[in-house]
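I have placed the structure first, in the form of structure tokens, so that the comments after it can refer back to it.
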Amino acid sequence: MLPIAVDAMGGDRAPDEILAGALEASRLGFPVVLVGPEGLEGRGDLPLFVASEVIAMDDDPAKSVRTKKDSTLVRAAEAVRDGRASAMVSAGNTGATMASALLRMGRIKGVSRPAIATPIPVPGGSPTVLIDAGANAEVQPEWLVQFAQMGSVYAKHRFGVSSPRVGLLSIGEEPGKGDTLRKEAYELLSRAGGINFIGNVEGRDVMTDDVDVVVTDGFTGNVVLKTLEGGMRTLVRALLAAFSSKPEYKEHADVLLPALLPLYDAVDPDSTGGAVLLGVDGVCIISHGSSSARAIVNAIKVAADMVEHGMVDEIRAAIAAQPLPEATSSSE
Amino acid sequence: MPAETHVVPDPLDRDQIFTIVRDLLVDILELDPEAITEGKSFKDDLGADSLALVELVEALEEELSERTVGFRIEDEDLADLKTVRDAVDFVHSQLQAR
């Protein structure tokens, strides 16, 4: 496998945590190349693609990709485009990561807009794929059909779900529930081929085993993602406080810890390995901004998994087999 | 030196520029060519977001730099391009000025 290009300067804890993660992944046998400034220290014997600029977390995504042509993000995307890397991983500016991948790797033919797919942990079950988790704040109903198609391919090949159940995130299960976007998307999804559409689902269903792919617009998807992450964190903190509130509680909690720790691990965002940008012509993993070394190791593992499963070609085939349905509403 | 190295291509006329812009939009936005007319607004009629417009600009720069060395659309100018007509007029005026 060609090396996985890791943006050494992307993220709140870059470069130290990124380098530690990249080194650990390399030690585990994953081929890694860093993208960073010349003379980057602390990288051991990892190879380096030199890039002199860094796109900051608060830089304008599209503008920065055009003006910072020698940035780590742009160079990482070019390495994939030019066949010098098999995938890119970044914990940097999400919008700029998406813009770099889109503008340098290009879109898979037939894909209207790339979307971010994030696995949401389901204790005891296979993760639910949330798509779009933040790439497109405003969407058209037909795009949601493609998100469903791409999310299904991802759930099938990454998590081994043979016929992923696709749900449209809304505010009620009945077809008539939701705003205009949801109603139009429901109609299109019902008619779309190549997916197993089970109807509307609600926010409470996302972390259950009742659905495999949850489709929504990027604004809603990102709110759902952050709400779940925040909720989990608060819940874990409250549990730990309760366990240690009295000595006798702590004794019992110590007995339970071996059962609770894997559960905590299962819902920890660092263990899911970041989100995947689906629809671009290359593998691009977007790790969250506060990524630790552990999160980077997992993101590199996900990237390798995507490359080994030929995910880009699988999506290309799925999109080619199922062209977009005609919208019923008149938007002209 | 072969004579053809001195040949300067004829400047593109407006219709040719429209065709280039339309074909790029067909590719970027996955639309039928008939859906793209000069009066269409990028955002409201064609559903192009800011990133799609940057894709268009980068593709135009690549396409036109072969004819006009260093052809570039600045970000400040990009903000003024609201319709297909705006884009065609802008490119036309830029090429005329060279």
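Same order as they appear, the protein sequences are chains A and P. Using our numbering, you'd call the opening residue of the first sequence number 2 and step up by one each time. Using our numbering, you'd call the opening residue of the second sequence number 20 and step up by one each time. The C-beta atom is built at its ideal place from N, Cα and C for all residues, glycine as well.
Taking C-alpha positions only, A/G84 is separated from A/A149 by approximately 29 angstroms. Bridge pairing for A/A6: A/V34 and A/M89 [DSSP].
In this structure A/V256 is exposed. Its beta-carbon is surrounded by fewer than 16 other beta-carbon atoms within 10 angstroms. The beta carbons of A/A136 and A/P115 sit about 6 angstroms from each other, so the pair counts as a contact at 8 angstroms. Contact annotation: A/G283 and A/V303 have beta-carbon atoms that are not nearer than 7 angstroms. Shown here for A/G152: same chain residues with a beta carbon closer than 6 angstroms to its own, the five before and five after excluded, namely A118, V130, I132 and V214 in chain order. Between A/L74 and A/D8, the beta carbon gap of about 6 angstroms places them in contact (Cβ cut-off 8 angstroms).
When A/E309, A/D314, A/A322 and A/A276 are compared, the shortest CA-CA separation from A/T95 is found for A/A276.
Taking A/P4 as reference, the option from A/H253, A/W144, A/R317 and A/R82 with the minimal CA-CA separation is A/R82.
Going by C-alpha positions, P/G66 is about 11 angstroms away from P/I55. Taken in chain order, the complete beta strand (DSSP E) segments of 3 residues or longer contained in the stretch 61-113 of chain A are 88-91. Between the stretch 230-247 of chain A and the stretch 188-195 of chain A, the count of Cβ pairs shorter than 8 angstroms is below three; the stretches do not touch. For P/S69, the chain A residues whose C-beta falls within less than 7 angstroms of its own C-beta are A63, listed in chain order. P/L70 sits buried, since 16 or more C-beta atoms from the chains shown fall within 10 Å of its C-beta.
Shortest Cα-Cα distance from A/P165 to any of A/T181, A/A134, A/V212 and A/D206 involves A/V212. Contact of P/G58 with chain A is not assigned, every C-beta pair being separated by 7 angstroms or more. Counting other Cβ atoms within 10 Å of its Cβ, A/P142 reaches 16 or more and is therefore classed as buried. Within the DSSP secondary-structure output, A/R166 pairs in a beta bridge with A/N197.
Assignment of beta strand (DSSP E) within the stretch 118-151 of chain A, counting only whole runs of 3 or more residues, yields 129-132 in chain order. Excluding its 5 nearest sequence neighbours in each direction, A/W144 has C-beta neighbours in its own chain below 6 angstroms: S113 and R114, listed in chain order. Interface criterion met: the Cβ of A/S113 is under 7 angstroms from a Cβ in chain P.
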